[in-house]
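Asks: Quick note on numbering: the sequence shown equals residues 46 to 160 in the working numbering.
Idealized CB from N, CA, C, for every residue including glycine.
As the structure is a prediction and not an experimental result, all values here were calculated from the model.
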Amino acid sequence: MLAAAMTSHSEPCSSDLASMEQVPEEVAELAIKYSFPWSTKSFQKDISDLHRIIKAELVKQMKLKEGCLRIQKLSKDRKQLEQTKHEIRDLCDLISDMQNDMNIIQMYMTGNVRG
């Protein structure tokens, strides 16, 4: 699942950090979180590519949540219902975090960044 992949990322190498020096800190953190290789060529292209990656992952998580909701409706087993309930809660949290990440990226895409 993406949550596991996002928490087990490796630290960026020094060349990644050097290319990210001119990138706003919150965007750099998102690039690291999603293992995005930032280039120095075009900020707008990189921000757009990162947006696309986050959106694709968000769609995957939403489909997983939809599947869990279907399982929950069909399940009669109490243990499976509880497990599915926890999975849905975790997916909701992850989806919410990813939507917040998308909002941050969209601010930089549109230039509506405050302070």
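My guess is that residue 99 and residue 146 are in contact by the Cβ rule of under 8 Å, so how many angstroms apart are they, rounded?
Replies: With a Cβ gap of about 5 Å, residue 99 and residue 146 count as contacting.
Asks: To which residues of the same chain is residue 91 closer than 7 Å at the C-beta, ignoring the five residues directly before and after it?
Replies: So the qualifying residues of the chain are 83 and 84.
Asks: Counting along the chain, where does the alpha helix (DSSP H) carrying residue 156 start and finish?
Replies: Element bounds for residue 156: n/a, residue is neither H nor E.
Asks: Does the Cβ of residue 155 have 16 or more other Cβ atoms within 10 Å, making it buried, or fewer, making it exposed?
Replies: By the neighbour-count rule (16 or more Cβ atoms within 10 Å), residue 155 is not buried but exposed.
Asks: Who are the near neighbours of residue 107 in its chain, counting only those whose CB is closer than 7 Å to its CB and skipping five residues on each side?
Replies: 140.
Asks: Buried or exposed, going by whether 16 or more other CB atoms sit within 10 Å of the CB of residue 102?
Replies: Per the 10 Å Cβ criterion, buried.
Asks: Count the other C-beta atoms from every protein chain shown that fall within 10 angstroms of the C-beta of residue 119, then say buried if there are 16 or more, exposed otherwise.
Replies: So residue 119 ends up on the exposed side.
Asks: Do residue 113 and residue 127 have their C-beta atoms closer together than 7 Å?
Replies: It is not a contact, given that the beta carbons lie outside the stated cut-off.
Asks: Whole angstroms are fine: how far does the CA of residue 143 sit from the CA of residue 80?
Replies: Cα to Cα, residue 80 sits roughly 14 Å from residue 143.
Asks: Residue 111 to residue 121, Cα distance in whole Å?
Replies: Straight-line Cα distance between these residues: approximately 18 Å.
Asks: With distances taken between CB atoms, is the gap from residue 149 to residue 96 smaller than 7 Å?
Replies: Contact: no.
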